[in-house]
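> Take a look at this one; I'll ask things after.
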């Protein structure tokens, strides 16, 4: 007796041995068969898909779940077009708050506004309250004078953090803009966030993810560092899971800032990590530790990426490294030696060189076949670096939707001679690399179908075609967000395709993204999302499609999606 049987479906399995199917059977949270293998078997629930397209559940190989969830409860500044839009939103919020309350917002874009919000404007709008507005990149923030006063910047008692910049005007006065690790001057005032509050945020984010067809995501850096929310941040994910609100499978990248020397036996080779020797892979199919996240440089939008040639219109070429390059290289090697998979944040080509050199040295010292170290973003990659990715087996993790949202800004930073080096998806594929789909949400909208459309089109907000040779087919884009996203996490044997024996994570769509015009992929409706054969989104709408044998199995506090998954 199957638990669930899908019939009358147009199934794209993303499995080359059985690419299309009409019927799918689920038992014990797993796909147990397709078509004739299950067509005559009885099932507790039979779902007539009415010709809907079914694809494997989408994965996002790089997102910031807790940050995004918190942003849903803050001022949303993504629609602001001029500085007065920001000041107006702050003033409106201030009118509802006590005099000493913080005003927080996120998502502003200086390239759209024409400038960063200035502390004097925030002072007026906030009525002297502490105001903290995070740039959409996460690499910068704008704050009011009260925040600078509390942090010690105004009276000069606070030193500028290494790897960070307190931006000042020509007279030496701080403008309120803090870049890279200078943001710690703010976070030290407000963090750590309570675990319960973070679990609420994770639950909010997970509900959105389920509505977009996401069944697995990688949280790109918890605990400390640029975007960490609490030293005990993993506890928030555990709490959300216990509450039944973590509807999505999650791998947790641990920020390198959490690491410390370990006194293991010399023969173990474990020199750096977390207490008890926990490392990549600890946990289960619903929540486990992923790579160690190591930030190397900054952002292209903020002109803090480490480039071998200066960004256009910017005086320096070195960018802003998060630590001394030799120390970052040492950390990558120690993490590799200690059994971690490494995810190195590298935007500029100079930072990419640093990551590749460190991976090569680490493999020479301690060979680890098929470890799949990653370079997050891999934003600016020179032609001579491509073969090194392939030789070292390094996984590039670019964000295609950046091209639509902030591609014009990045192209202007690089100039015409380097613009074709941006997010080189097609080129990576031609060099034999596998490229997972990812968003970096909330830096850019995270719906996988939007990301797929950007992979296919590569059209900027202003209508520019950025890197025509790096466009991919819709089928390749679907594979990026399914099987290749699973592969990047060493999970291709468990998920990523609708293959018997794999997890029954799948999405019902009202159109086939492979057959839809590329310009319309992002508009496809997600009808329902299933994790381990249980519906985490769209159950009510599907009830009318089921037989009287039983309702669509739904996940919730009483039946969390991991309850029927196998380790």
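Residue numbers (the working numbering): 7 to 573. The beta carbon of each residue, even a glycine, is placed where N, CA and C say it ideally should be.
1. Given a cut-off of 8 Å on the beta-carbon distance, is the pair residue 78 and residue 114 in contact?
2. Determine the DSSP secondary structure at residue 253, reduced to helix, strand or coil.
3. Measuring CA to CA, which of 361, 407, 419, 139 is closest to residue 400?
4. Taking 7 Å as the cut-off, is the beta-carbon of residue 557 closer than that to any non-hydrogen atom of the ligand FAD?
5. In this structure, does DSSP put residue 285 in helix, strand or coil?
6. So for residue 415, helix, strand or coil by DSSP?
7. So residue 65 is in the beta strand (DSSP E); what residue range does that whole segment cover?
8. Considering just the uninterrupted stretch of the beta strand (DSSP E) at residue 114, what are its terminal residues?
9. Among 80, 465, 343, whose alpha-carbon lies nearest the alpha-carbon of residue 286?
10. Answer yes or no: do residue 177 and residue 150 have a C-beta to C-beta separation smaller than 8 Å?
11. Can you pull the DSSP bridge partners for residue 55?
12. Is it true that the segment 183–202 meets the segment 143–163, where meeting means three or more beta-carbon pairs spaced less than 8 Å apart?
13. Kindly confirm or deny that the segment 461–472 and the segment 234–248 touch, where touching means at least three C-beta pairs closer than 8 Å.
14. Answer yes or no: does any C-beta atom of chain C fall closer than 8 Å to that of residue 75?
15. Does residue 45 pass the burial test, meaning 16 or more other C-beta atoms within 10 Å, or should it be called exposed?
16. Measure the CB-CB distance between residue 524 and residue 482 and report whether it falls below 8 Å.
17. Exposed or buried, which one is residue 98 when buried takes at least 16 other CB atoms within 10 Å?
18. Residue 527 and residue 455 look like a contact to me (Cβ under 8 Å); what is the Cβ gap, rounded to whole Å?
19. DSSP state of residue 339, grouped into three classes?
20. Only counting the same chain, and skipping five residues up and downstream in sequence, which positions put a Cβ closer than 6 Å to that of residue 67?
21. Where does residue 185 fall in DSSP's three states?
22. Report yes if the C-beta distance between residue 6 and residue 302 is below 8 Å; otherwise report no.
23. Count the CB pairs spanning the segment 204–217 and the segment 273–291 that are closer than 8 Å, and state whether there are at least three.
24. Strictly by DSSP, which residues pair up with residue 299?
25. Only counting the same chain, and skipping five residues up and downstream in sequence, which positions put a Cβ closer than 6 Å to that of residue 122?
26. According to DSSP, what are the bridge partners of residue 146?
27. Ends of the alpha helix (DSSP H) at residue 493?
28. Short of 8 Å in beta carbon distance, which residues of its chain neighbour residue 541, apart from the five on each side in sequence? Order them along the chain.
29. Should residue 296 and residue 145 be called a contact, given that it needs their Cβ atoms to be closer than 8 Å?
30. Mind checking whether residue 606 and residue 228 have CB atoms under 8 Å apart?
31. How is residue 405 classed by DSSP in three states: helix, strand or coil?
32. Which one or two residues does DSSP pair with residue 11 in a beta bridge?
33. My parser needs the beta strand (DSSP E) runs of 3 or more residues fully inside the segment 512–536; what are they?
34. With 16 other CB atoms within 10 Å as the buried threshold, where does residue 532 fall?
35. Just list the residues that DSSP pairs residue 17 with in beta bridges.
36. Taking C-alpha atoms, which residue in 60, 55, 31, 57 lies nearest to residue 47?
Based on what the coordinates show:
1. Start at 1 with the first residue of the chain shown, and residue 78 comes out as number 72. Start at 1 with the first residue of the chain shown, and residue 114 comes out as number 108. Not a contact, by the Cβ cut-off of 8 Å.
2. Position 247 of the chain shown, counted from the first residue, corresponds to residue 253. Correct three-state label for residue 253: coil.
3. Taking the first residue of the chain shown as position 1, residue 400 is located at position 394. Ranking the options by Cα distance to residue 400, first place goes to 361.
4. The ligand FAD is not among the ligands present in this structure, which contains no ligands whatsoever.
5. Indexing the chain shown from 1 puts residue 285 at position 279. Here residue 285 sits in coil by DSSP.
6. In the chain shown, the residue the question calls residue 415 occupies position 409. In this structure, residue 415 counts as helix in the three-state DSSP scheme.
7. By one-based count along the chain shown, residue 65 stands at place 59. Element bounds for residue 65: 64–69.
8. By 1-based counting over the chain shown, the position of residue 114 is 108. Its beta strand (DSSP E) spans residues 109–114.
9. As a working mapping, residue 286 is identified with position 280 in the chain shown. Looking at the Cα atoms, 343 is the closest of the given residues.
10. Stepping through the chain shown from its first residue, residue 177 is reached at position 171. Stepping through the chain shown from its first residue, residue 150 is reached at position 144. Contact flag unset, no.
11. Working through the chain shown from its first residue, we reach residue 55 at position 49. Residue 55 has no beta-bridge partner at all, per DSSP.
12. With a cut-off of 8 Å, the segment 143–163 and the segment 183–202 count as touching, because enough Cβ pairs lie within range.
13. Under the three-pair Cβ rule at 8 Å, the segment 461–472 does not count as touching the segment 234–248.
14. Among the protein chains of the structure shown there is no chain C, as only one such chain exists.
15. Within the chain shown, residue 45 is the residue found at index 39, counting from 1. Result: exposed.
16. Residue mapping note: residue 524 aligns to position 518 of the chain shown, counting from 1. Residue mapping note: residue 482 aligns to position 476 of the chain shown, counting from 1. No; because the gap between Cβ atoms is not below 8 Å, this pair is not in contact.
17. Taking the first residue of the chain shown as position 1, residue 98 is located at position 92. The residue in question, residue 98, is exposed, as its Cβ has fewer than 16 Cβ neighbours within 10 Å.
18. One-based indexing of the chain shown puts residue 527 at position 521. One-based indexing of the chain shown puts residue 455 at position 449. Confirmed, Cβ separation roughly 5 Å.
19. Taking the chain shown and counting its residues from 1, one reaches residue 339 at position 333. Looking at residue 339 - three-state DSSP - the assignment turns out to be helix.
20. Position 61 of the chain shown, counting from 1, holds the residue named residue 67. Excluding positions up to five away in sequence, the list reads 224, 403, 442, 444, 491, 494.
21. In the chain shown, counting from the first residue as 1, residue 185 sits at position 179. Residue 185: strand per DSSP, three-state reduction.
22. Residue numbering for the chain in the displayed model covers 7 to 573; residue 6 lies beyond these limits and cannot be assessed.
23. no
24. Counting from 1 along the chain shown, the entry for residue 299 is found at position 293. Answer is 261, 349.
25. Residue 122 sits at position 116 when you count from the first residue of the chain shown. Same-chain partners within the cutoff: 116, 148, 183.
26. Your numbering for residue 146 matches position 140 in the chain shown. Per DSSP, the beta bridge partners of residue 146 are 185.
27. Working through the chain shown from its first residue, we reach residue 493 at position 487. Note, residue 493: alpha helix (DSSP H), 489–494.
28. Taking the first residue of the chain shown as position 1, residue 541 is located at position 535. Result list for residue 541: 534, 535, 548, 558, 559, 560, 561, in chain order.
29. Here residue 296 is taken as the residue at index 290 of the chain shown, counted from 1. Here residue 145 is taken as the residue at index 139 of the chain shown, counted from 1. No, the Cβ-Cβ distance between residue 296 and residue 145 is not below 8 Å.
30. Because the chain spans 7 through 573 in this model, residue 606 falls outside it and cannot be assessed.
31. Walking along the chain shown from the start, residue 405 turns up at place 399. Reduced to three states, the DSSP call for residue 405 is coil.
32. Within the chain shown, residue 11 is the residue found at index 5, counting from 1. Per DSSP, 31, 52.
33. Runs of beta strand (DSSP E) with 3 or more residues, each lying fully within the segment 512–536, are found at 512–515, listed in chain order.
34. As a position in the chain shown, residue 532 is number 526, starting the count at 1. So residue 532 ends up on the buried side.
35. Position 11 of the chain shown holds residue 17. In the DSSP output, where bridge partners are listed per residue, residue 17 has 27, 60.
36. Here residue 47 refers to the residue found at position 41 when the chain shown is read from its first residue. For residue 47, the nearest C-alpha among the options comes from 31.
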